[in-house]
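So the sequence shown is numbered by our numbering: it starts at 16 and just counts up by one.
Idealized CB from N, CA, C, for every residue including glycine.
A short worksheet on the structure shown next.
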Amino acid sequence: MTNKIIFLSLIILILNPLSGSAQFDMPKQKHAQEFLNRELLVELREPREDILKEFKKSPESRDLYLKNLEIANKSIKEFAAKYWQLHTDIKFMTTQEIDELLVTKENAEKYAILKADISYGGRRHTVNTIVYIEGYVFRALLPDQNKWLFKIMLPNDSMDEIDYRFVFHNMQKYISAAAEGKDKRDESLWNISENIAQLEETTLVVAEETLKIEADEARSLYKFPIEILPVEKYFEKLRSEDGKLAYTTMIMHNTKNIWMYVTVDLSSMNILSLMTVNGGLNSFSIGTVIGDRSMGGRYVDLISFKKGIGLDKNYFKYTGSKMALKMNY
């Protein structure tokens with residue numbers, strides 16, 4: 016009997032390590048409506064002195080950081096113009112330019128801001144201390160109210176077009192729903208039966224380098240269609256959008272403050288399932304653009320980051336579980 020209780024407790028911990036509701040915090044309706052009615056400023060990143068200081072003894076990492084910063088600014092301009100649909104008038108400005116523009120109260124009340132940067136987007140209480148969780152955070156803000164309305168946090172700023180599609184789609188989906196007065200548990204945002212039905216008819220595409228287990232074990236544990244490919248073929252498959260496909264990425268759960276594997280429908284960019292990373296027992300750590308400090312500022316590029324996701328047996332076993340979909344949302 017005791018063993019059964021321990022086993023059940025472990026399963027509950029894996030599926031729902033911390034209490035909380037909905038992976039995204041919904042803004043108030045009036046704030047969401049205000050955001051939609053304003054002109055949008057998209058902030059372009061500038062080199063940060065704290066990061067440059069970390070890379071002082073690593074010129075290679077410093078150069079890679081500056082190069083990636085340039086790529087990130089080019090990408091957010093390209094993909095915001097392509098995928099952001101809530102505003103027709105979008106201006107792209109640096110942090111300094113935005114600060115100068117918003118000095119006046121009139122301008123601060125005129126604009127909304129979309130920004131992304133390395134930041135501490137979550138925190139976890141441990142036995143004796145608080146651990147601040149670092150990642151790449153996209154935020155929607157109302158500058159005159161000095162608060163963010165909505166955020167999505169990824170582990171790393173190495174992103175391709177699919178990642179930007181995912182971020183922009185879900186930001187717009189939840190902000191629009193909030194503006195309509197919908198609750199975060201509205202079925203238009205999260206419908207477990209529909210999600211499972213979609214998983215049943217959608218092929219999950221997985222890069223074999225991301226596996227913590229053998230490919231055959233992953234196939235046996237996952238009860239829906241799955242295709243496991245080398246990482247180069249994985250990217251080719253997703254970019255081809257050939258058939259009904261899904262893929263896996265990671266986000267920070269805003270209320271649980273823990274990393275989640277998210278299974279994403281490639282066509283709609285809707286999240287179909289969430290599963291805790293490492294069973295929620297410890298923080299995921301791969302190093303961001305700021306660098307793994309224990310490694311002296313190691314920089315992680317896109318493919319290295321994707322390879323480091325580390326999908327384990329719990330992900331494949333419980334991704335389609337009704338209990339997991341209910342408890343991890």
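Rounded straight-line distance, which links the Cα of residue 263 to that of residue 218: 11 Å
Can you tell me whether residue 22 is buried or exposed, with buried defined as 16 or more other CB within 10 angstroms of its CB? For residue 22, the pLDDT reaches just 41, beneath the cut-off of 50, and the residue's location in the model is therefore unreliable, leaving the point undetermined.
Nearest CA to the CA of residue 221: which residue from 85, 49, 206 and 330? 330
Beta-carbon gap between residue 281 and residue 253 smaller than 8 Å: yes
Taking Cβ positions, are residue 59 and residue 129 nearer each other than 8 Å? no
Contact between the segment 227–244 and the segment 183–199 is defined here as three or more beta-carbon pairs at a separation below 8 Å; is this criterion met? no
Under the rule that 16 or more other beta-carbon atoms within 10 Å means buried, what is residue 203, buried or exposed? exposed
Among 134, 103, 238 and 210, which one has its Cα closest to the Cα of residue 126? 103
For a test of the three-state rule: what should DSSP assign to residue 180, helix, strand or coil? helix
Specify the secondary structure class of residue 255 as computed by DSSP and reduced to three states. helix
Under the three-state reduction of DSSP, which class applies to residue 191: helix, strand or coil? helix
The beta strand (DSSP E) with residue 107 in it runs from where to where? 105–109
Name the DSSP bridge partner or partners of residue 132? 152
Just to confirm the assignment: which complete alpha helix (DSSP H) runs, minimum length 4, are found wholly within the segment 62–124? 64–69, 74–98, 110–116 and 120–123
For residue 344, which of helix, strand or coil comes out of DSSP? coil
Counting Cβ pairs, one atom from each stretch, are 3 or more of them under 8 Å apart for the segment 159–169 and the segment 109–116? no
Quick one: is residue 345 buried, meaning 16 or more other Cβ sit within 10 Å of its Cβ, or exposed? Nothing about residue 345 can be reported from this structure: the residues present for the chain run from 16 to 344 only.
Measure how close the beta-carbons of residue 343 and residue 291 come, nearest whole angstrom, since I'm counting them as under 8 Å. 7 Å
Just to confirm the assignment, what range does the alpha helix (DSSP H) spanning residue 231 have? 230–236
Span of the alpha helix (DSSP H) around residue 332: 328–333
Taking 8 Å as the cut-off, decide whether the C-beta atoms of residue 151 and residue 168 are in contact. yes
Coarse secondary structure for residue 159, derived from DSSP in three states: helix
Let me know the secondary structure DSSP gives residue 202 once reduced to three states. coil
Between residue 165 and residue 284, which are expected to be in contact by the criterion C-beta below 8 Å, what is the C-beta distance as a whole number of angstroms? No, residue 165 and residue 284 are not in contact; Cβ-Cβ is about 16 Å, not under 8 Å.
Measure the CB-CB distance between residue 94 and residue 215 and report whether it falls below 8 Å. no
Residue 296 burial status per 10 Å Cβ neighbour count (16 or more: buried): Confidence is the limiting factor: at residue 296 the pLDDT is only 43, short of 50, which leaves the residue's position unreliable, though a coordinate-based value still follows. It counts as exposed.
On a Cα-Cα basis, can you pick out the residue from 256, 118, 83 and 232 that is closest to residue 66? 83
Could you pull out every residue in the same chain whose Cβ sits closer than 8 Å to the Cβ of residue 233, ignoring the five residues on either side in sequence? 221, 226, 241, 243, 326, 328 and 331
Going straight from the alpha carbon of residue 314 to that of residue 99, what length do you get? Per-residue confidence for residue 314 stands at a pLDDT of 46, beneath the threshold of 50, marking its modelled position as unreliable; the derived number appears in the next sentence. So the two alpha carbons sit approximately 29 Å from each other.
Where the alpha helix (DSSP H) through residue 324 begins and ends: It is not in any alpha helix (DSSP H) - residue 324 carries neither H nor E in the DSSP assignment.
Which same chain residues, not among the five before or five after residue 310, have their C-beta less than 6 Å away from its C-beta? Note that residue 310 scores 33 on pLDDT, short of 50, meaning its location in the model is unreliable and no value can be drawn from it.
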